[in-house]
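Numbering (our numbering), first residue to last: 1427 to 1698. Cβ atoms here follow ideal geometry from the backbone N, Cα and C, with glycine treated the same way. Here the structure is a predicted model, which is why all the values come from computation and not from measurement. I have placed the structure first, in the form of structure tokens, so that the comments after it can refer back to it.
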């Protein structure tokens, strides 16, 4: 088990020096941290204090389970333990830039609230491949994915943040097959919002009416994925019929930091 200790007085977590607070997650503080030996950057997540032994055991068990996940779209847990006041702490690599962490939502906002079909499909492929790996490893155990919980690194790769950890910390450790469909559906909802700038709520306007010259296959894919009766059952199923998003017309290239991130978006190799 990978653990580190921390004192409440020192601005550090084991060998990780807390440099500055980052934008918080909905469930934990995030701190940019520097490893004192090799000077690498990391994020320390600090959760609310857990005083009872049963809750502490749940955290350790949940984090050991989440730590076992290994995939190029699942955020790695490197160390974990409690601080002196009983707060669970988790360390992950730092994926952000000099300004801080970049979520898929914040990146879309930098682009005016929408992404191109090509950018959307690349992001969706990354997330679905991460879900597929998690489902094969520990089973569906996270719940619907949100854009705030999808981090984009400096190479344009999208990562699912701490898959399944919060649910397991609440004692819900058994995989639930029905969650697979819920998680995949949430990715389809994200795709619709990235394409149109609108939430995937009923009554829903077709993407073809909102996005000029988009491939009609997108509406077929979105309609199926958002269907309450015939939605995608697995990440593999959604990946297998994902439309080609090559734009019909050449779109102007973004400038500045947004371009530097999306110019690195590249197609991953799809593995079965």
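The criterion of a C-beta distance shorter than 8 angstroms is not satisfied by residue 1469 and residue 1550.
Residue environment analysis places residue 1522 among the buried positions, since at least 16 neighbouring C-beta atoms fall within 10 angstroms of its C-beta. Residue burial is scored here from C-beta neighbours: residue 1514 has at least 16 other C-beta atoms within 10 angstroms and is therefore classed as buried. About 16 angstroms separates the beta carbon of residue 1530 from that of residue 1448, a gap too long to meet the 8 angstroms contact definition. Here residue 1503 is buried, its C-beta having at least 16 other C-beta atoms within 10 Å.
Residue 1591 holds the alpha-carbon nearest to the alpha-carbon of residue 1491 among 1609, 1640, 1591 and 1624. Judged by DSSP secondary structure, residue 1553 falls within the alpha helix (DSSP H) whose first and last residues are 1543-1563. Contact check for residue 1652 and residue 1626: beta-carbon distance about 6 angstroms, within the 8 angstroms limit, so the pair qualifies. Under the three-state reduction of DSSP, residue 1470 is assigned to strand. Among the bridge pairs identified by DSSP, residue 1447 is matched with 1457. When C-alpha distances from residue 1618 are compared across 1600, 1637 and 1608, the shortest belongs to 1637. Taking the CA atoms as reference points, residue 1544 sits about 48 angstroms from residue 1510. By the criterion of at least three beta-carbon pairs nearer than 8 angstroms, the region 1655-1668 is in contact with the region 1558-1567.
For residue 1519, the secondary structure class from DSSP, reduced to helix, strand or coil, is strand. Annotation for residue 1530: the continuous alpha helix (DSSP H) segment containing it runs 1530-1536. In the structure shown, residue 1616 falls within a helical segment according to DSSP collapsed to helix, strand and coil. In this structure, the beta-carbon distance from residue 1540 to residue 1623 falls below 8 angstroms. In the three-state scheme derived from DSSP, where H, G and I count as helix and E and B as strand, residue 1495 is classed as coil. Around the C-beta of residue 1631, fewer than 16 other C-beta atoms lie within 10 Å, and the residue is accordingly described as exposed.
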